[in-house]
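Worksheet: the structure to be examined is printed underneath.
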Amino acid sequence: MSGDVETITSPRSRTIREVPEESITILRLDSMLVNPRDVIVQGNEIFISDPSTYSIKRFKLDGRYVSSIGKGPGRGPGEFTGSSDFAVDQSSLWIVTQRRVLKYTLNGVYVSQFDVENSPYRIAKSDTALIIAGLTSWNPLRLHSISDSLLVEYGDELSEQGGPLSIQGHIDTDESHLYYAMKYASFVYHYSPEGELKRIIQTIDKLSVPSNKRETNTAGQPVMRSPDRDTMVVDLEIDRGLIYIDTYFRTPYRHTVIDTYDLETGRYLSSARLPTSIFRMDVVDGRVYGVKDTSIVVFDYPDSE
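If you're matching positions, the sequence shown starts at 1072 in this note's numbering and goes up one per residue.
Following this line, the structure appears as structure tokens:
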């Protein structure tokens, strides 16, 4: 672990609350989405990334289509051929794609772009800046001003957990503080606005970082592949003083459990188990919006009442 940084441990068993199937609303968007990857709710609209159509789709909260953001495949202004994450605030939207960050208005007007050297992978908007997580073991976290100037590089501590797979994860912000949840291991890192590591939360599943699998491709050449784990963290969200951790379980059946932790203390609080599985999610005022196939699953987290 990292020096004298406070480490919060969690219990070994969950306090489970079931999410009844009848309490879930499903927005079926099959005709508009191909392969959605993430969802963000901003105001009275839902933004959904759909890399297969080279766009971010906008919908009303009831699922009515509004518009698409993105100028199609390519490397020209406003164009991209793939995206790994996006962020939204009250007036702008940013897309991470191939060492670039593209900026648009919420109405889909292309504004600008800037280059990022650290293989950008995740992006989050704080009160005053953009935080970009890259797939590099050296300083994988970068704080950029809204006008794209690099302000701070940090995050070397992440690789201490076990190599390259420790820098695959999910990020979100509370005001200007950053929270980073590892995909393959049970750790959440809390950073100050200046990039100082404040706290490490060891979450409830107690998973350690695995090693990549060594395999042989069809040409007989050795290749390294990410592990195929039965349990992995698929998202992290901050909402109303809580940290929400979205964990996918393959066994004994495919389902999702969302754990909550107190934002101030890092202590585990409770868990909600869904009768199905979702991947990326957003949480707004205790309401969860989750991506499942070409639909959005909507329900109130049991502790939010």
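Cβ atoms here follow ideal geometry from the backbone N, Cα and C, with glycine treated the same way. Just so it is clear, the structure is predicted and the values come from calculations on it, not from any experiment.
Q) Can the beta-carbon of Val1328 be found closer than 9 Å to that of Leu1345? A) Between Val1328 and Leu1345, the CB-CB gap stays under 9 Å.
Q: Indicate whether the contact test is met: 3 or more Cβ pairs, each with one atom in the segment 1193-1207 and one in the segment 1239-1246, closer than 8 Å.
A: yes
**Q.** Under the three-state DSSP convention, the category Glu1224 falls into
**A.** strand
Q) Just curious, the beta strand (DSSP E) that Val1280 is in, first and last residue? A) Where Val1280 is concerned, there is no enclosing beta strand (DSSP E), given that its DSSP letter is neither H nor E.
Q.
Here's a check: name, in chain order, each residue in its chain whose Cβ is nearer than 7 Å to the Cβ of Leu1104, leaving out the five neighbours to either side.
A. Ile1119, Asp1121, Lys1128 and Thr1365
Q.
Quick check: the Cα distance between Leu1214 and Gly1147, rounded to an integer number of angstroms?
A. 25 Å
**Q.** Glu1407 - DSSP class collapsed to helix/strand/coil
**A.** With the chain covering 1072 to 1376 only, the question about residue 1407 has no answer from this structure.
Q: Would you identify the three-state DSSP class for Phe1185, choosing helix, strand or coil?
A: Of the three classes helix, strand and coil, the one that applies to Phe1185 here is strand, per DSSP.
**Q.** Residue environment, Thr1336, which counts as buried when at least 16 other CB atoms sit within 10 Å
**A.** exposed
Q. So, is the C-beta of Val1105 closer than 9 Å to a C-beta in chain C?
A. The structure shown contains no chain C; it is built from a single protein chain.
Q) When the Cα atoms are used, what is the spatial distance from Phe1370 to Thr1086? A) 19 Å
Q: Please list, in chain order, all residues of the same chain as Lys1142 whose beta carbon is under 7 Å from its beta carbon, the five residues on each side excluded.
A: Taken in chain order, the residues that qualify are Gly1149, Glu1150 and Tyr1181.
Q.
Quick check: what's the CA-CA separation for Ser1081 versus Tyr1339?
A. If you take the alpha carbons of Ser1081 and Tyr1339, they lie about 6 Å apart.
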